[in-house]
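First the structure, in the form of structure tokens, and then the observations on it.
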Amino acid sequence: MAEIVVLYKTPKDAAAFDKYYAETHIPLAKKLPGLKKYAVSKGPVASPAGPSGIHLVAILTFDSVADIQKAFGSEEGKATGADVPKFASGGADLLIFDTKEV
1 MAEIVVLYKT PKDAAAFDKY YAETHIPLAK KLPGLKKYAV SKGPVASPAG
51 PSGIHLVAIL TFDSVADIQK AFGSEEGKAT GADVPKFASG GADLLIFDTK
101 EV
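Numbering-wise (full-length UniProt numbering), the sequence shown opens with residue 1 and increments by one.
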């Protein structure tokens, strides 16, 4: 399996972010070809030292990194990527990696 983890930093308007993300971005991202699972953080995102500066974590699961790359190269993927600047005023970090159970 492979995952893309998106770390959305604290936006200027958290309520507007949450509304847009739920009503617009999630439905777009759920159309990504090859998407197996889509999970998001619930409630505050903390670190061992306290607040993290991260508003929301999204974890999207695919069969492989190649499938992630293929998904984001598709029309649905391009639309999903182009949508991020419309609501993520705090910015976002994306991490892509293969996973293995240990």
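Glycine is no exception: its CB is placed at the ideal position from the N, C-alpha and C atoms.
Would K37 and I4 qualify as a contact pair, given that the criterion is a beta-carbon distance under 9 Å? In the sequence shown, residue 37 corresponds to position 37, counting from 1. In the sequence shown, residue 4 corresponds to position 4, counting from 1. Cβ distance not < 9 Å, so K37 and I4 don't count as in contact.
The alpha helix (DSSP H) that contains L94, what's its start and end? As a working note, residue 94 is residue 94 in the sequence shown. First-last for L94: 92–98, but that is the beta strand (DSSP E), not the alpha helix (DSSP H).
- Message: Out of A88, F62, D13, K78, which one is the CA nearest neighbour of A2?
- Response: Start at 1 with the first residue of the sequence shown, and residue 2 comes out as number 2. It is F62 whose Cα lies nearest to the Cα of A2.
Hey, is the stretch 3–20 in contact with the stretch 40–57, meaning 3+ C-beta pairs nearer than 8 Å?
yes
**Prompt:** For chain D, is any of its Cβ atoms less than 9 Å away from the one on K12?
**Reply:** Structure shown: chain D not included; a single protein chain is present.
Segment limits, beta strand (DSSP E) that includes E3:
For this step, residue 3 is matched to residue 3 along the sequence shown. From DSSP, the beta strand (DSSP E) with E3 extends over 2–9.
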